[in-house]
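Protein chains in written order, with the working numbering: chain L, -17 to 422; chain A, 342 to 653.
We put the CB at the ideal spot given by N, CA and C, even for glycine.
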Amino acid sequence: MDILIINGLLIDPAQDMEQTDALLIEGDTIQGIIDQKDYTIKGDRALVNSHPDRVFMIIDASGKWVVPGLMDMHTHLRDPGYEYKEDIVTGTRAAMTGGFTSVCAMPNTRPVNDNKSVTRYMISKANDCGYTNLYPIASITKALEGSELSEIYDLVDEGAVAVSDDGMPVSSAGLFRKALLYVKPLGIPVIDHPEELLLSKSGYMNEGIVSVRLGLNGIPQTAESVAVARDILIAGETNSRLHIAHISTRYSIELVRWAKKRGIPVTCEVTPHHFSLNDEAVEGYNTNAKVNPPLRSESDRQAVLEAIADGTVDCIVTDHAPHSYDEKEIEFDKALNGISGLETSLGLSLKLFHDKIISRKRLVQMMSSRPYEILNIKDKGSLKTGADADITIIDPGEKWTVDKNMFVSKGRNTPFHGMELKGRAVMTILGGKIHGSART
Amino acid sequence: MVPGKGIIGLKYLSRKEIEQIIETAFSMRDVSRRSVKKVPTLRGKTVVNLFFEASTRTKTSFEIAAKRLSADVVNFSYTSSSISKGETTIDTAKNIEAMHPAVFIIRHSSSGVMELLSRHLKTPIISAGDGTNEHPTQGMLDIMTIMDEKKRIDDLKIVIAGDIYHSRVARSDIYGMTKLGARVYFFSPPTLITDDFATLGASITYDAKDAFTDADVIIMLRIQLERQATGLFPSTREYSRIFGLNAQRLKLARPDVIVMHPGPVNRGLELSSSVADDADHSRILKQVENGVSIRMSAIYHTIGEEHGYTDN
């Protein structure tokens, strides 16, 4: 479809651009910005001088932001294998509702995405749905067992964009080092779930005042930071690309800052729950706030916010981890880790802008252009002429209340139920195809 | 005390509520000391002991307490059988609730399970200990034992020594005792506590002299031997030498110090036999007696208040 989006605030970090103008889309490609004198509006259609033979559908984005389609590079779509928690249909549709045009799916499915038939299945199912692009992340090791490398070249040929043993960290430093070396010619990052299990395994929440009060065994901050230090040093030595997932502690952040200063090829991501909540959210044994890494102290949360503001953090991801009711409404120590995050991520992230912690442009960078860059995905994450027509239109001022019962995702496990947020996606365009507003 | 709501943690009770339960417990103790140890208060009511974790002493104490109030007592022990059948804790409790008990006495190995079950059950719950969180009747029987002896709690130096990190007794003790104005000290190897425990209102010390000097009350906690295997302390020998209580250390305390222990005691580990058996100072069996009284009182305040607890 040919579309002209008018009156919107176009925000494109890749071009360092922020201006109110019209954006022209022809077919599945962005044709650039055009001036008001270059088109005329006739009803709900526009005639564009440079394309006299075509009729463009008008989208009036007055008061809205028009940004390159949002990308969530860390989700768990549970398909294949755990479709009772989520499947690719509901997961990508939830992503679309949350304003995303692309998601990356982690490999902890059943079977694990350690072979190309699973990778192919995921991509083709998502393409059949057409709600978002899906880029699988394959496992580093076979069956996530941490003993032998997966056939990573095969998986990348089939469409995997990175490797990770997310949720099941590669305990062996030796094997992790081999993985970083092995993938170098592919140019893909190894996504690190930084956790030293010997430090974390007996804990159920962040170790601190709240864990003492609740009588829950704590997970010390070092369970993450020690692993971050280890993996940064290995990335430095091998000069191979490391992406650190869901960073959550002050020391982890200081280590990343140090590594970046040293020129070590490291990037990192944070989740909305880690920058929005601290461990007090667990009070009352709220299993919807049980997540790995755990919600940290307020001091750690502040460190995360500082790192978002100063650029140490590369991107925002959801770590969308849907679970069923029965897996959450049980004893705290037995409840599974995870938060259903696709439909609250943008609202929570917009708060960073409303609170003047970051600019609009930086927000869009963290949620779109930067993740595409990290994953070497071309022609996305920008409004440049020639880029794919993946667009998210955001109403930054609309107030709404999180209602888990209205989630498109099967996962209703959110600690944000009832929270009032400001701003949401009202429309996504995927490859030039308009997807209904978030509320239709 | 709000009737019908149960007692799941001293963190939720006010000073007044705790004092009231203890005051009633003293009257209940008179009942236990008579030749006919029974009042008709809870005739026709069913008290369910629902124990998901092995326990003999606490279960027996609750059972005796309920029987002395004339309740019918039913014991369910779900240590492994129904869990292996795949039934959830919530389902187990709801199944028993369908049989109309008046109150649940619940013990479970998971911290916070009382809060979880409270959301799903209409029947009030009295906690008999959850995970490493709270053991409220133990906390109150400890306070009762101290009140009995010292006639006050306010400004006493109370030392709680041992595995603080994993102790539900330590948590209930400190919630209750600080509400009543005590100065509480935690004495423990640094591997069995964190600095954050100070936020509960305790002073933390790693030094026996510091801990025991001028103490009015010493509560020794049971050391679980499996903690040694996980590297939390090197040997029972060293634990007992550095962190245990013996006759010599007891001399640091005030002459009228009392020594308590929630039991079962590891003789020669956290507590030397000479101190455990020292009739002048040890109040360990007194705690057991008061335990029944506190549990009678707790059950009474939860479900029996409208009936009164006298015979006439």
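task = Name, going along the chain, the residues of the segment 455 to 468 of chain A whose beta-carbon falls closer than 8 Å to a beta-carbon of chain L.
result = Glu456, Leu457
query = By DSSP, does Phe417 of chain A sit in helix, in strand, or in coil?
reply = Counting from 1 along the second sequence, the entry for residue 417 of chain A is found at position 76. Strand, per DSSP.
Proximal residues to Glu280 of chain L (C-beta, below 7 Å), its chain only, five neighbours per side dropped = Locating residue 280 of chain L in the first sequence gives position 298, counting from the first residue. Same-chain partners within the cutoff: Asn260.
Opening and closing residue of the alpha helix (DSSP H) in which Gly632 of chain A lies = Here residue 632 of chain A refers to the residue found at position 291 when the second sequence is read from its first residue. Note, Gly632 of chain A: alpha helix (DSSP H), 625 to 640.
Extent of the continuous alpha helix (DSSP H) to which Ile216 of chain L belongs = Numbered from its first residue, the first sequence carries residue 216 of chain L at position 234. Taken as a continuous stretch (DSSP letters only), the alpha helix (DSSP H) holding Ile216 of chain L covers 204 to 220.
ask   = By a C-beta neighbour count over all protein chains shown, 10 Å radius and 16 as the cutoff for buried, is Tyr66 of chain L buried or exposed?
value = Stepping through the first sequence from its first residue, residue 66 of chain L is reached at position 84. When all chains shown are included, Tyr66 of chain L counts as exposed.
query = With DSSP run on the structure shown, which of helix, strand or coil describes Phe553 of chain A?
reply = Indexing the second sequence from 1 puts residue 553 of chain A at position 212. Helix, per DSSP.
ask   = Would Leu403 of chain L count as contacting chain A if we go by Cβ distances under 9 Å?
value = Indexing the first sequence from 1 puts residue 403 of chain L at position 421. No, no contact with chain A.
key: Contact set between the segment 292 to 322 of chain L and chain A, restricted to residues whose Cβ is under 8 Å from the partner   = Asp308, Glu311, Ile312, Glu313, Phe314, Asp315, Lys316
inquiry  = Contact between the segment 377 to 393 of chain L and the segment 66 to 77 of chain L is defined here as three or more beta-carbon pairs at a separation below 8 Å; is this criterion met?
reply    = yes
query = Within 9 Å (strictly less), CB to CB, does Asp471 of chain A reach chain L?
reply = Position 130 of the second sequence, counted from the first residue, corresponds to residue 471 of chain A. Chain L, which has a Cβ nearer than 9 Å to the Cβ of Asp471 of chain A, makes this yes.
inquiry  = With distance defined between alpha-carbon atoms, name the residue in L:Lys24, L:Ser341, L:Ile(-13) nearest to Glu8 of chain L.
reply    = Position 26 of the first sequence, counted from the start, is the residue given in the question as residue 8 of chain L. Glu8 of chain L has its Cα closest to that of L:Ile(-13), out of L:Lys24, L:Ser341, L:Ile(-13).
key: Proximal chain L residues relative to Asp537 of chain A, where beta-carbon distance stays under 7 Å   = Counting from 1 along the second sequence, the entry for residue 537 of chain A is found at position 196. The answer, in chain order, is Gly190, Ile191, Val194.
key: Assigned exposure category for Met481 of chain A - 16 Cβ within 10 Å defines buried   = Position 140 of the second sequence, counted from the start, is the residue given in the question as residue 481 of chain A. When all chains shown are included, Met481 of chain A counts as buried.
key: the segment 337 to 344 of chain L touching the segment 296 to 310 of chain L, judged by at least three CB pairs closer than 8 Å   = no
message = Tell me which residues share the same chain as Arg512 of chain A and place their Cβ nearer than 6 Å to its Cβ, disregarding the 5 neighbours each side in the sequence.
response = By 1-based counting over the second sequence, the position of residue 512 of chain A is 171. Glu475.
query = Is the CB of Gly141 of chain L under 9 Å away from at least one CB in chain A?
reply = Within the first sequence, numbered from 1, the residue matching residue 141 of chain L stands at position 159. It does not: the Cβ of Gly141 of chain L has no partner Cβ on chain A nearer than 9 Å.
Whole-angstrom C-beta distance between Ser327 of chain L and Asn300 of chain L, which should lie under 8 Å = Within the first sequence, numbered from 1, the residue matching residue 300 of chain L stands at position 318. Within the first sequence, numbered from 1, the residue matching residue 327 of chain L stands at position 345. The sequence shown places Thr at residue 300 of chain L, not Asn. Contact holds; Cβ gap of about 5 Å.
query = Between Gly414 of chain L and the rest of its own chain, which residues show a CB-CB distance below 6 Å, the 5 nearest in sequence each way excluded?
reply = By 1-based counting over the first sequence, the position of residue 414 of chain L is 432. Met(-17), Ile7, Gly9, Asp10, Ala371, listed in sequence order.
key: C-beta atoms of Lys492 of chain A and Val558 of chain A nearer than 9 Å   = In the second sequence, residue 492 of chain A corresponds to position 151, counting from 1. In the second sequence, residue 558 of chain A corresponds to position 217, counting from 1. No, these two residues do not count as a Cβ contact at 9 Å.
Top-ranked residue by Cα proximity to Asp139 of chain L, from L:Asn(-11), L:Ala120, L:Ala125 = Along the first sequence, read from residue 1 onward, the residue named residue 139 of chain L stands at position 157. Cα-wise, what sits closest to Asp139 of chain L is L:Ala120.
query = So which residues on chain L does Glu475 of chain A lean against when the C-beta distance must stay under 8 Å?
reply = Translated into positions along the second sequence, residue 475 of chain A becomes position 134. Ordered by position in chain L, the residues that pass the 8 Å Cβ test against Glu475 of chain A are Gly197.
message = If we require 4 or more residues per run, which alpha helix (DSSP H) segments fall completely within the segment 116 to 154 of chain L?
response = 134 to 140
query = So Arg448 of chain A is in the beta strand (DSSP E); what residue range does that whole segment cover?
reply = Stepping through the second sequence from its first residue, residue 448 of chain A is reached at position 107. Taken as a continuous stretch (DSSP letters only), the beta strand (DSSP E) holding Arg448 of chain A covers 444 to 449.
inquiry  = Let me check understanding here. Comparing Cα to Cα, which of L:Thr91, L:Pro50, L:Met53 lies closest to Glu68 of chain L?
reply    = Translated into the one-based positions of the first sequence, residue 68 of chain L becomes position 86. Distances from the CA of Glu68 of chain L to each of L:Thr91, L:Pro50, L:Met53 were compared; the closest alpha carbon is that of L:Thr91.
N-terminal and C-terminal residue of the alpha helix (DSSP H) that Met481 of chain A is part of = On the second sequence, position 140 is the one that residue 481 of chain A refers to. Start and end: 477 to 491.
ask   = Does the beta carbon of Tyr64 of chain L come closer than 9 Å to any beta carbon on chain A?
value = Position 82 of the first sequence, counted from the first residue, corresponds to residue 64 of chain L. Cβ-Cβ to chain A under 9 Å: no for Tyr64 of chain L.
ask   = Taking Cβ positions only, does Tyr267 of chain L come closer than 9 Å to chain A?
value = Locating residue 267 of chain L in the first sequence gives position 285, counting from the first residue. Closer than 9 Å: yes.
query = Is the segment 34 to 54 of chain L in contact with the segment 79 to 88 of chain L, if contact means three or more CB pairs nearer than 8 Å?
reply = yes
ask   = Is there a Cβ from chain L that is less than 9 Å from the Cβ of Ile431 of chain A?
value = The count along the second sequence starts at 1 and reaches residue 431 of chain A at position 90. It does; some Cβ of chain L falls within 9 Å.
Member of L:Asp385, L:Ile(-15), L:Ser153 whose CA lies at the smallest distance from the CA of Phe398 of chain L = Stepping through the first sequence from its first residue, residue 398 of chain L is reached at position 416. When only C-alpha atoms are compared, the closest one is L:Asp385.
query = Does the Cβ of Thr399 of chain A have 16 or more other Cβ atoms within 10 Å, making it buried, or fewer, making it exposed?
reply = Looking up residue 399 of chain A in the second sequence gives position 58. Result: buried.
request  = Identify the contact partners of Glu451 of chain A in chain L, using a Cβ-Cβ distance below 8 Å as the criterion.
outcome  = What you label residue 451 of chain A is simply residue 110 of the second sequence in a count that begins at 1. Looking at the sequence itself, residue 451 of chain A is Ser, so the reference to Glu does not match. Going along chain L in sequence order, the residues near Ser451 of chain A (Cβ under 8 Å) are Glu313, Phe314, Asp315, Lys316.
request  = Report the rounded CA-to-CA distance for Met409 of chain L versus Thr231 of chain L, giving the unit in angstroms.
outcome  = Counting from 1 along the first sequence, the entry for residue 409 of chain L is found at position 427. Counting from 1 along the first sequence, the entry for residue 231 of chain L is found at position 249. Distance between the alpha carbons of Met409 of chain L and Thr231 of chain L is about 34 Å.
message = Strictly below 7 Å CB to CB, what residues from chain L border Arg509 of chain A?
response = The count along the second sequence starts at 1 and reaches residue 509 of chain A at position 168. Near Arg509 of chain A (Cβ distances below 7 Å), the residues of chain L are Gly197.
request  = Using the Cα positions of Ala552 of chain A and Arg283 of chain L, report the straight-line distance between them to the nearest angstrom.
outcome  = Your numbering for residue 552 of chain A matches position 211 in the second sequence. Your numbering for residue 283 of chain L matches position 301 in the first sequence. Going from the Cα of Ala552 of chain A to the Cα of Arg283 of chain L covers about 36 Å.
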